[in-house]
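Novice: Take a look at this one; I'll ask things after.
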Amino acid sequence: MAFDIEMIEKVYATLGERVEKARALVGRPLTLSEKILYSHLWEGTPTQAFTRGKDYVDFAPDRVACQDATAQMALLQFMHAGKSKVAVPTTVHCDHLIQAKVDAKTDLARAKQQSNEVFDFLSSVSDKYGIGFWKPGAGIIHQVVLENYAFPGGMMIGTDSHTVNAGGLGMLAIGVGGADAVDVMSGMAWELKFPKLIGVKLTGKLSGWTAPKDVILKVAGILTVKGGTGAIVEYFGEGATAMSCTGKGTICNMGAEIGATTSTFGYDASMDRYLRSTGRPDVADAANKVAQHLTADPEVYANPEQYFDQVIEINLSELEPHLNGPFTPDLATPISKMKEEAIKNNWPLKIEVGLIGSCTNSSYEDIARAASLAKQVSDKNLKTKAEFTITPGSETVRYTIERDGFIDIFDKIGATVFANACGPCIGMWDREGAEKEERNTIVHSFNRNFSKRADGNPNTLAFVGSPELVTALAIAGDLGFNPLTDTLINEDGEEVRLDEPTGDELPPKGFDAEDPGYQAPAEDGSGVQVAVSPTSERLQLLEPFSPWDGKNITNAKLLIKAFGKCTTDHISMAGPWLRFRGHLDNISNNMLIGAVNAFNQKTNSVKNQLTGDYDAVPAVQRAYKAAGVPSIVVGDHNYGEGSSREHAAMEPRFLGVKAVLVKSFARIHETNLKKQGMLALTFANEADYDKIQENDTINFIDLVSFTPGKPLTLEFVHADGSKDVIMANHSYNESQIGWFVAGSALNLIAAAGKA
Ligand code: F3S
């Protein structure tokens with residue numbers, strides 16, 4: 061089922077030679093990130109040095125992973141590519157479509173019934189095209205990848221923004237849209253702008269209440285949600301090597317929250333231990349033989365300022381536990397300041413629910429340390445004040461923690477163990493009472509805390525912390541509780557203090573599982589039938605998007621000028637909409653319904669310029685489409701941050717939006733728009749955002765000479781007849797312009813397949 065040691069040995073066989081060649085071409089010592097990038101060039105051995113942040117480069121990733129929500133669209137697209145088998149090892153993981161409500165068993169059974177059609181589709185497509193299939197209940201994609209597939213020095217892509225989690229095992233693992241995955245699965249190169257490099261030097265050592273999560277919470281506070289854009293974050297230093305491999309995974313996982321392309325750590329003993337503990341001694345042995353190439357050259361970490369574009373230093377011995385939030389993962393507050401901040405901002409102090417687990421934090425170490433606190437509830441005669449839930453990252457982790465007695469400990473504090481799936485992290489949480497939309501506080505060890513993300517209630521304030529801190533806060537039921545200094549009153553009226561969390565990094569008796577939940581594909585899948593019912597609500601075969609007509613776009617209407625944060629959750633909401641991820645027409649009914657209209661500050665209420673009436677965004681856009689009127693969307697900074705879901709690009713494309721013009725884009729979303737044949741543009745002058753008016757009609761002046769590096773000119777005609785000419789930058793290279801011309805990147809692949 062698991063890793064492909066032959067593939068890994070093949071990567072390692074040429075690693076030394078490629079690194080040496082790259083070092084000579086670049087003319088200086090190399091960071092780890094550069095070693096992995098240069099050893100995965102599509103062309104093979106490097107022949108030129110690349111400029112960071114500028115050159116588009118073709119890469120050859122070793123693996124692809126897809127989760128069920130994005131895999132549907134990725135595989136529907138792959139079916140159009142005309143291939144009989146995937147070109148690189150690929151896996152599909154069923155984790156997003158399982159709603160958390162009662163408990164693991166009940167919820168899993170219900171999900172299998174509700175999403176049977178989708179799971180069957182994914183299973184049969186996987187079987188047919190040589191893809192490893194992880195059934196519902198097997199676990200969350202990133203935990204399963206870390207346990208089975210990630211390897212030091214490797215490069216993988218995944219159709220989920222937290223694919224970056226595999227950096228914990230020294231990989232460059234990058235979240236992409238499904239169209240990128242289709243390229244790689246079809247045996248084509250995968251293109252990425254050569255990233256900039258941010259070095260994070262970790263000095264000192266974690267101890268006591270501080271956990272790896274606090275490192276990334278701190279980094280998010282420093283860099284903000286867009287500070288990592290276009291960059292790989294490489295961690296190093298004594299604090300890095302002293303940390304567990306899964307702790308490194310947590311840090312890399314939340315690199316998605318700072319917009320980083322990915323994050324990684326150099327190979328060390330913690331990775332060797334993790335590989336052996338997860339049944340991969342041969343990968344550890346192979347990695348040990350090339351260990352010098354699996355970390356930066358020594359000069360780099362000795363003088364990081366010379367080799368990275370930016371360097372941050374964090375002393376782990378002084379690092380405090382943090383809580384980040386609410387509503388954004390970069391609002392970092394050290395626990396000692398939380399009470400003060402909460403009172404100042406009027407955040408409800410009472411904690412309703414503490415949730416641990418998810419792909420970010422459900423390692424054996426995380427659970428063991430959280431359990432060491434839960435155990436103190438009975439030992440010290442305390443009562444847990446908040447509800448408490450656990451979503452294990454994989455069946456292997458769940459089975460192992462149950463065997464080792466941790467589930468029993470959590471049971472005693474009244475915890476609910478949800479299925480090994482995303483659940484509350486992706487809004488698949490049927491939380492009782494959430495529909496009342498009461499203002500309330502929850503704490504969780506997940507990664508994202510955007511409005512409505514966990515339970516659909518815009519008035520839920522979610523704070524992100526380590527599993528240890530979340531457990532302590534759930535016991536206390538108080539956001540202002542600082543376990544480092546504060547005491548609790550137990551059931552006997554005594555003041556007690558929680559002891560610092562403790563726990564093994566890896567299970568002393570090893571990992572185990574009766575059935576990890578893997579299904580291998582057929583050796584020869586040519587006879588496997590993939591059925592999609594034409595009347596299905598959940599799945600719809602795709603029609604290719606039309607090519608560009610070669611003319612300037614004229615008389616386009618402004619669909620929406622989005623105000624402030626507009627993440628992929630705002631553009632294509634998750635939660636209940638996840639069920640339509642395989643049906644483009646149906647899911648398009650959620651297009652931009654979470655975005656705030658800058659003109660009335662309302663969500664899902666925009667003016668239909670054809671009638672003058674206000675209506676839901678999808679309804680207005682469908683009216684424009686029916687009338688053959690093109691439209692454009694205008695947005696603010698970091699538009700499309702968050703997830704890799706390409707639905708956020710496919711929906712506007714499908715409904716007839718022609719261009720998205722914003723102050724800045726999140727990387728994956730920008731690429732997704734390009735791949736679907738949309739125009740992804742940025743204001744040359746950000747202040748022009750303010751010139752856009754509600755009744756604007758837009759004419760492209762020089763789209764007919766669309767060229768790399770040349771801004772486009774757009775004319776905005778206002779209701780009173782006055783005009784503003786606005787310059788729009790773009791980052792399309794020659795081949796990306798080819799996607800726009802062809803109607804989508806997939807149209808080009810399919811045409812090449814037929815040629
Ligand atoms: Fe799933 Fe949340 Fe991770 S949605 S993949 S658990 S970020």
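Residue numbering for the sequence shown follows the working numbering, beginning at 61 and increasing consecutively. Each residue gets a CB set at the ideal place from its N, CA and C atoms; glycine is no exception. Values in this document were obtained by computation on a predicted structure and should not be read as measured data.
Beta carbon of F506: closer than 8 angstroms to some heavy atom of ligand 1?
Specialist: For ligand 1, at least one heavy atom lies less than 8 angstroms from the Cβ of F506.
Novice: Rounded to a whole number of angstroms, what is the C-alpha to C-alpha distance between G326 and L90?
Specialist: Using only the alpha carbons, I get a separation of about 12 angstroms.
Novice: Does the beta carbon of C485 fall short of 8 angstroms from some heavy atom of ligand 1?
Specialist: Yes.
Novice: Excluding five sequence neighbours on each side, which residues of the same chain lie with their C-beta closer than 7 angstroms to the C-beta of T476?
Specialist: Result list for T476: D163, T449, in chain order.
Novice: For H382, which three-state DSSP category applies?
Specialist: Reduced to three states, the DSSP call for H382 is strand.
Novice: With a CB to CB cut of under 7 angstroms and the five nearest residues on each side skipped, what residues in its chain are close to R78?
Specialist: Once the five neighbours on either side are set aside, the close Cβ partners of R78 are Y98, S99, T105, P106.
Novice: Tell me whether C482 sits in a helix, a strand or coil according to DSSP, three-state version.
Specialist: Note: C482 maps to coil in three-state DSSP.
Novice: Ordered along the chain, which non-local residues of its own chain (more than five positions away) have a Cβ less than 6 angstroms from that of D243?
Specialist: The residues are W250.
Novice: Could you check where the alpha helix (DSSP H) with I797 kicks off and where it finishes?
Specialist: Residues 794-802.
Novice: On the three-state DSSP scale, how would you describe Q132?
Specialist: DSSP places Q132 in helix when its eight states are reduced to three.
Novice: Using the Cβ count rule (16 or more neighbours within 10 Å means buried), how would you classify E746?
Specialist: Per the 10 Å Cβ criterion, exposed.
Novice: Within 10 Å of its beta-carbon, does M61 have 16 or more other beta-carbons around it, so buried, or fewer, so exposed?
Specialist: Reliability fails at M61, whose pLDDT of 46 lies under 50, so the model's placement of it is uncertain and no value is given.
Novice: Assess, as a yes-or-no matter, whether the stretch 295-306 is touched by the stretch 254-266 under the definition of 3 or more beta carbon pairs within less than 8 angstroms.
Specialist: Yes, they touch.
Novice: Just to confirm, is the Cβ distance from N28 to T420 under 9 angstroms?
Specialist: Any answer about residue 28 is impossible in this case: the structure gives the chain only from 61 up to 815.
Novice: In the DSSP assignment, the beta strand (DSSP E) including L257 goes from what residue to what residue?
Specialist: 256-263 is the extent of the beta strand (DSSP E) around L257.
Novice: Following the continuous alpha helix (DSSP H) through H630, name the residue where it begins and the one where it ends.
Specialist: Segment 628-631, the alpha helix (DSSP H) holding H630.
Novice: Rounded to whole angstroms, how far is the Cβ of S418 from the Cβ of G453, which I believe are closer than 8 angstroms?
Specialist: The pair is a contact, with the Cβ atoms about 7 angstroms apart (cut-off 8 angstroms).
Novice: What do you get for W799, buried or exposed, if any count of 16 or more other CB atoms within 10 angstroms of its CB means buried?
Specialist: The residue is buried, with at least 16 neighbouring Cβ atoms inside 10 Å.
Novice: Note the first and the last residue of the continuous alpha helix (DSSP H) segment covering D439.
Specialist: Taken as a continuous stretch (DSSP letters only), the alpha helix (DSSP H) holding D439 covers 424-439.
Novice: Express the C-alpha separation of N550 and G525 in angstroms, rounding to a whole number.
Specialist: Distance between the alpha carbons of G525 and N550: 24 angstroms.
Novice: For S454, which beta-bridge partners are listed by DSSP?
Specialist: Looking at the DSSP assignment, S454 forms a beta bridge with G199.
Novice: Please state whether DSSP places H153 in a helix, a strand or coil.
Specialist: Correct three-state label for H153: strand.
Novice: Smallest Cα separation from Q370: which of L182, A779, T289?
Specialist: Cα-wise, what sits closest to Q370 is T289.
Novice: If we require 4 or more residues per run, which alpha helix (DSSP H) segments fall completely within the stretch 82-145?
Specialist: The qualifying runs are 92-98, 128-138.
Novice: Name the two residues that bound the continuous beta strand (DSSP E) containing Q370.
Specialist: Unbroken beta strand (DSSP E) run through Q370: 370-375.
Novice: At which residue ranges does the stretch 292-363 contain complete alpha helix (DSSP H) runs of 4 or more residues, listed in the order of the chain?
Specialist: List check, alpha helix (DSSP H) in window: 298-301, 305-313, 329-337, 341-349, 358-362.
Novice: Within 10 Å of its beta-carbon, does R557 have 16 or more other beta-carbons around it, so buried, or fewer, so exposed?
Specialist: Result: exposed.
Novice: Measuring CB to CB, does S323 end up less than 9 angstroms from G315?
Specialist: A contact, by the Cβ cut-off of 9 angstroms.
Novice: For N500, which residues of its own chain have a beta-carbon under 8 angstroms away from its beta-carbon, when the five flanking residues on both sides are left out?
Specialist: Taken in chain order, the residues that qualify are P408, K410, E412, N517, N519, T520, L521.
Novice: Where does F193 sit, in a helix, a strand or coil, going by DSSP?
Specialist: Looking at F193 - three-state DSSP - the assignment turns out to be strand.
Novice: If you drop the 5 nearest sequence neighbours on each side, which residues of the same chain put their C-beta closer than 7 angstroms to that of A536?
Specialist: Once the five neighbours on either side are set aside, the close Cβ partners of A536 are K445, L548.
Novice: Can you have a look at T595 and say buried or exposed, based on whether 16 or more other CB atoms are within 10 angstroms of its CB?
Specialist: Per the 10 Å Cβ criterion, exposed.
Novice: For G585, I'd like the list of residues in its chain whose CB is within less than 8 angstroms of its CB, leaving aside the five on either flank, ordered along the chain.
Specialist: S144, K145, D187, K188, Y189, G190.
Novice: Mind checking L808: buried by the 16 CB within 10 Å criterion, or exposed?
Specialist: The residue is buried, with at least 16 neighbouring Cβ atoms inside 10 Å.
Novice: Here's the rule: buried if 16 or more other CB atoms are within 10 angstroms of the residue's CB, otherwise exposed. What is G487?
Specialist: Per the 10 Å Cβ criterion, buried.
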